[in-house]
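Counted the way our numbering counts, the sequence shown spans residues 2 to 216.
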Amino acid sequence: MKGHHLLDVKVLGDGAMANVIKTMFNSMENQKHTLDHVSTNKHCLPHPTELESWYLWVVLGIYVAQVGLYYIEAYALRLRRVIASFFYRRRAKKRTLHLYNEFMRKRVGFLTHMRKKIRRLVREKKLSVETALPTILRYRFPCLFGWLKWFGLGKKQCLICDDNENKFTHHCTGCMYVYCRQCWRDMKKTCYNCDPVYTSEDTQTSDTSSSSEED
Ligand SMILES: [Zn+2]
Ligand SMILES: [Zn+2]
């Protein structure tokens with residue numbers, strides 16, 4: 002900030018009062034000041050500099066690594082079992098057999114449970130499948146809406162495990178229900194809905210289960 006200040010007081014008149022005032026302002030005549038003052042807040046302002054490109058690559062790399070770890074984590078955890086099985090082979094074999102038998106036992110138990118449940122529902126005429134509009138359209142008018150399957154719409158679900166319909170799914174010729182390949186094989190290719198045979202065990206158990214459900 003630069004400039005000049007000039008203070009020049011002129012009192013006109015020759016009277017006594019003018020003389021008094023002239024005496025008072027005598028020392029203020031022709032007062033000159035020069036301004037040369039610099040006032041800035043530059044040192045308070047941030048000083049931006051252009052970001053180097055490798056910083057961006059580092060940040061991008063961190064994000065990619067983070068997303069990748071979500072997928073790799075499962076395999077990394079499985080690696081523990083692989084390492085352990087390398088050192089303790091017998092234990093690993095025992096573990097595998099145990100898991101396999103456990104899985105098969107649960108599978109058989111699950112199928113038995115579903116067989117009884119479905120037969121009970123058939124007997125009580127309560128077996129139904131909730132079908133969405135695309136499914137109804139696709140199966141009622143296959144010529145018009147057959148293309149829905151290309152978009153993954155209008156698919157039925159396995160009566161046992163609710164697995165979505167695919168090219169291996171078995172369509173029962175006697176009813177409207179479908180079974181996935183695994184379930185169809187486990188059921189010995191017998192539709193639980195169409196099979197009219199009821200064993201005494203099924204009837205007894207289903208009665209028990211229905212009474213327990215009612216409780
Ligand atoms: Zn199934
Ligand atoms: Zn059937």
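Think of the CB as a built atom: it goes at the ideal place given N, C-alpha and C, for glycine as much as any other residue.
Since the model is a prediction, treat every value here as computed from it, not as a measurement.
Is it buried or exposed, residue i, if we count other Cβ atoms within 10 angstroms and call 16 or more buried?
| i | result |
| --- | --- |
| G155 | buried |
| C184 | buried |
| N178 | Correcting the residue type first, residue 178 is Tyr in the shown sequence and not Asn. Burial call: buried. |
| L160 | buried |
| E103 | exposed |
| K95 | exposed |
| S212 | Unreliable placement is indicated for S212, whose pLDDT of 43 sits below 50; no coordinate value is reported for it. |
| T136 | buried |
| N32 | Here residue 32 is Gln; the residue named in the question, Asn, does not match the sequence. Q32 is exposed by the Cβ-count criterion. |
| S207 | Caution is warranted here: a pLDDT of 44 is assigned to S207, below 50, making its placement in the model unreliable, and no coordinate value can be reported. |
| Q67 | exposed |
| E214 | Because the pLDDT of E214 is 41, which lies under 50, any placement of that residue in the model is unreliable, and the question is left without a value. |
| K157 | buried |
Pop quiz: residue i and residue j are said to be a contact at Cβ under 8 Å. What is the actual Cβ separation, rounded to whole angstroms?
| i | j | result |
| --- | --- | --- |
| C181 | C162 | 6 Å |
| L36 | M2 | 6 Å |
| M29 | L7 | Incorrect: roughly 11 Å between the Cβ atoms, too far for contact. |
| V12 | F26 | 6 Å |
| D187 | L112 | 5 Å |
What residue range is occupied by the uninterrupted alpha helix (DSSP H) comprising residue i?
| i | result |
| --- | --- |
| G110 | R90 to R124 |
| L138 | L134 to R141 |
| K23 | A17 to F26 |
In the DSSP assignment, what are the bridge partners of residue i?
| i | result |
| --- | --- |
| V179 | C159 and H172 |
| K3 | D37 |
| N165 | Q158 |
| L8 | Q32 |
Would you give the residue range spanned by the beta strand (DSSP E) that residue i belongs to?
| i | result |
| --- | --- |
| T35 | Q32 to D37 |
At a Cβ threshold of 8 Å, is residue i touching chain B?
| i | result |
| --- | --- |
| F169 | The chain inventory of the structure shown lacks chain B, comprising one protein chain alone. |
Using 8 Å as the Cβ pair cut-off and three pairs as the minimum, do the segment 186–195 and the segment 102–119 touch? yes
At a cut of 8 Å, does the segment 81–99 reach the segment 140–148 through at least three beta carbon pairs? no
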